[in-house]
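Protein chains in written order, with UniProt numbering: chain A, 1 to 213; chain B, 1 to 191.
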Amino acid sequence: MVGVIRRMNKLTALVRIRSGPGAAVLPQDVTRIHMEFGHKFDGGHMGPRCDEFPLAIASCQQKFWRDALPRLKYWNPAIPMVVNRTTNQEGPATLTLYFREPGATLSSEVPQPSSSSEGFSKAPAPAEGERVLMIDMKNRHSTAILKEFMDKSGAVAVKPTAQDEADLAAVEELEARSKIDEARVRKMNEAAKREKQMIAQAHSEAAAIKAAL
Amino acid sequence: MASLNHYLRAYEVGRPPAVVKYEVAVKVRTNKSGPVIRNRIRLPFPVKTDTRIGVICSEDSPLMVEAQQLGAVAVGEESLFESIRQGNIPFNKLICHVDSQDALRKANLGKILGPKGLMPSQKTKTITSDLKATVQELIGADEYKERAGVNHPKALDEVVLSSTNGPGFSLNGSFHPTDPALKPEHLQSVM
């Protein structure tokens with residue numbers, strides 16, 4: 001195996017998907033989840049993607065989908081979660097939860113569209129014995145959406161284990177260290193670049209003086 | 001394998017299935033001193049036009065005339081060896097007629113020709129009895145040498161599965177979910 005430590009770090013970083021906002025187990029009666037929103041964040045579509053820090057909008061795009069949904073998927077692997085991204089920024093931004101009606105048994109033949117980035121996977125109509133619950137995501141931030149989602153779906157947040165907490169601390173420490181290293185290396189590279197530039201300038205000046213003589 | 005699939009499906013949630021790419025990287029351990037494939041390939045159009053051919057054949061024989069007619073830039077036996085020893089090498093391909101093989105061996109030119117890759121040998125098909133065919137082949141063809149193409153795996157080192165948005169996972173060859181509640185059918189539905 002090559003780069004054992006580097007790989008170990010990558011495996012440790014998997015804790016990010018096991019714990020954090022969105023790490024929750026959905027109740028048995030949730031059958032599927034459907035999301036629909038625009039490709040870009042203007043027109044109120046920052047919701048599915050953005051945190052509540054307006055300054056950091058560009059950096060935290062795709063927040064709910066990128067962060068919370070993978071965690072939900074990890075803890076609920078059998079529940080289809082379909083994302084339908086559209087090019088229509090004026091269109092709706094919705095999250096649809098499908099519940100099984102108490103006592104109803106769903107046919108396994110219910111057609112299930114797969115995710116689409118071109119708006120082809122509209123939210124399907126509820127099957128027989130299914131009810132839907134819609135959350136409007138327009139003009140809202142990911143934390144607010146997640147809160148409403150947790151309340152309305154009855155999801156139970158997963159508490160990180162002691163191991164997970166240790167892993168998370170290790171990952172955060174590594175990230176902090178990598179930030180320091182990044183700054184150090186950038187400084188070094190810039191110094192080297194500046195020196196090279198100065199040498200080139202000196203050379204060209206010397207050549208100009210020689211030519212003048 | 002199961003927990004790996006579990007993670008990868010979480011990383012790929014909401015991505016159109018046709019866009020997601022799963023990659024398997026297989027690392028095999030091979031002998032470093034593996035065999036090398038070496039041959040010539042003749043393409044419809046010659047890739048190199050600067051071919052200068054030297055021919056080793058007995059002097060004052062019909063072969064010599066034939067070689068000159070074929071366009072060889074240097075022809076001969078002892079005279080050619082002498083010019084090679086003096087560093088006068090006007091050719092970049094050298095072929096040898098089978099009858100002159102012994103003379104070539106006695107001339108001890110391996111030290112000069114070897115490093116240039118010019119030493120005629122049976123293996124590179126540059127010792128021949130049919131000058132015409134070999135010259136024609138040399139003019140239109142190009143040589144290739146392939147070391148990596150020969151695979152003699154000593155052992156399978158590792159298999160890594162990765163996906164477009166997820167990290168790479170090293171496979172251990174078994175299907176053991178770390179989570180006992182996880183069933184294979186949980187990982188088969190639409191993502």
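A virtual CB, placed ideally from N, CA and C, is assigned to each residue, including glycine.
**Prompt:** Can Y98(A) and E148(A) be called in contact, C-beta distance under 8 Å?
**Reply:** The residue labelled residue 98(A) in the question sits at position 98 within the first sequence. The residue labelled residue 148(A) in the question sits at position 148 within the first sequence. Not in contact: Y98(A) and E148(A) (Cβ atoms no closer than 8 Å).
Listed in chain order, which residues of the stretch 142–168 of chain A have Cβ atoms closer than 7 Å to some Cβ of chain B?
-> none
Practice problem: Find out if the Cβ-Cβ distance for the pair P180(B), S115(A) is shorter than 8 Å. | Solution: Along the second sequence, one-based indexing puts residue 180(B) at 180. Along the first sequence, one-based indexing puts residue 115(A) at 115. Not closer than 8 Å, so no.
- [ ] Quick one: list the residues of chain A neighbouring R15(B), beta-carbon separation under 7 Å, in chain order.
- [x] Translated into positions along the second sequence, residue 15(B) becomes position 15. Within chain A, the residues near R15(B) are S115.
Exercise for the section: Could you pull out every unbroken beta strand (DSSP E) segment of at least 3 residues lying fully inside the UniProt domain "Ribosomal protein/NADH dehydrogenase" (63–142) of chain A, listed in chain order? Expected result: 81–86, 94–100 and 130–136
query: Does DSSP classify I5(A) as helix, strand or coil?
result: Residue numbering aside, residue 5(A) sits at position 5 when the first sequence is read from its first letter. In this structure, I5(A) counts as helix in the three-state DSSP scheme.
Taking only beta-carbon positions, decide if Y7(B) is within less than 8 Å of chain A. Here residue 7(B) corresponds to residue number 7 of the second sequence, with the count starting at 1. Yes, because at least one Cβ of chain A sits closer than 8 Å to the Cβ of Y7(B).
Checklist line | Same chain, Cβ closer than 8 Å to S117(A), five either side skipped, listed in chain order | finding: Position 117 of the first sequence, counting from 1, holds the residue named residue 117(A). Cβ within range, chain order: H39 and R85.
Worksheet item: Near residue 216(A), what residues of its chain come up, given a Cβ to Cβ distance below 6 Å and the 5 sequence neighbours on each side ignored?
Response: Chain A is shown only over 1 to 213; residue 216(A) falls outside these bounds and no answer can be derived.
| message | Could you check whether the Cβ of G3(A) sits closer than 8 Å to any Cβ belonging to chain B? | response | As a working note, residue 3(A) is residue 3 in the first sequence. G3(A) does not count as touching chain B.
*Using a Cβ-Cβ cut-off of 8 Å, state whether Y74(A) counts as contacting chain B.*
Residue numbering aside, residue 74(A) sits at position 74 when the first sequence is read from its first letter. True, the Cβ-Cβ gap to chain B drops below 8 Å.
Sequence-distant residues of its chain with Cβ nearer than 8 Å to L4(B) (five each side left out): The residue you call residue 4(B) lines up with position 4 of the second sequence. For L4(B), where only same-chain residues beyond five positions count, the Cβ hits under 8 Å are L161, F169 and L171.
Check your understanding: Which class does L213(A) belong to by DSSP, given the choice of helix, strand or coil?
Key -> Here residue 213(A) refers to the residue found at position 213 when the first sequence is read from its first residue. L213(A): coil per DSSP, three-state reduction.
* Between which two residues does the beta strand (DSSP E) harbouring G43(A) extend? -> Here residue 43(A) refers to the residue found at position 43 of the first sequence. Careful: G43(A) lies outside any beta strand (DSSP E) and carries neither H nor E.
- request: Pull up the distance between the alpha-carbon of N9(A) and that of E182(A), whole angstroms please.
  value: On the first sequence, residue 9(A) is found 9 positions in, with the first residue counted as 1. On the first sequence, residue 182(A) is found 182 positions in, with the first residue counted as 1. The alpha-carbon atoms of N9(A) and E182(A) are separated by roughly 17 Å.
- [ ] Pick helix, strand or coil for P16(B), following the three-state DSSP scheme.
- [x] By one-based count along the second sequence, residue 16(B) stands at place 16. Coil.
Does chain A have any CB closer than 8 Å to the CB of A72(B)? Residue mapping note: residue 72(B) aligns to position 72 of the second sequence, counting from 1. It does not: the Cβ of A72(B) has no partner Cβ on chain A nearer than 8 Å.
I'd like the list of long-range same chain contacts for S59(A), defined as Cβ closer than 7 Å, with 5 residues on each side in sequence excluded.
Residue 59(A) sits at position 59 when you count from the first residue of the first sequence. Reliability fails at S59(A), whose pLDDT of 31 lies under 50, so the model's placement of it is uncertain and no value is given.
task: Could you check what DSSP says for M35(A) in three-state terms: helix, strand or coil?
output: Here residue 35(A) is taken as the residue at index 35 of the first sequence, counted from 1. Note: M35(A) maps to strand in three-state DSSP.
For this session: Please decide whether H97(B) counts as near chain A, where near means a Cβ-Cβ distance under 8 Å.
Result: To locate residue 97(B), count along the second sequence from 1; it is residue 97. Chain A contact via Cβ: absent.
Open item on the list: Check whether chain B comes within 8 Å of S59(A), counting only Cβ atoms and requiring the distance to be less than that.
Closed with: Locating residue 59(A) in the first sequence gives position 59, counting from the first residue. In this prediction, S59(A) has a pLDDT of 31, which is less than 50 and means its spatial position is unreliable; what the coordinates show is noted afterwards. Not one chain B Cβ lies under 8 Å of S59(A).
Report the neighbours of K10(A) on chain B: residues whose CB is nearer than 8 Å to its CB, in chain order.
By one-based count along the first sequence, residue 10(A) stands at place 10. Result: P167 and G168.
With 16 as the cutoff for other CB atoms within 10 Å, does Y11(B) come out buried or exposed? On the second sequence, residue 11(B) is found 11 positions in, with the first residue counted as 1. Buried: at least 16 other Cβ atoms inside 10 Å.
- Query: Applying the criterion that 16 or more other CB atoms from any shown protein chain within 10 Å of the CB defines a buried residue, is R6(A) buried or exposed?
  - Reply: Residue 6(A) sits at position 6 when you count from the first residue of the first sequence. Exposed is the call here.
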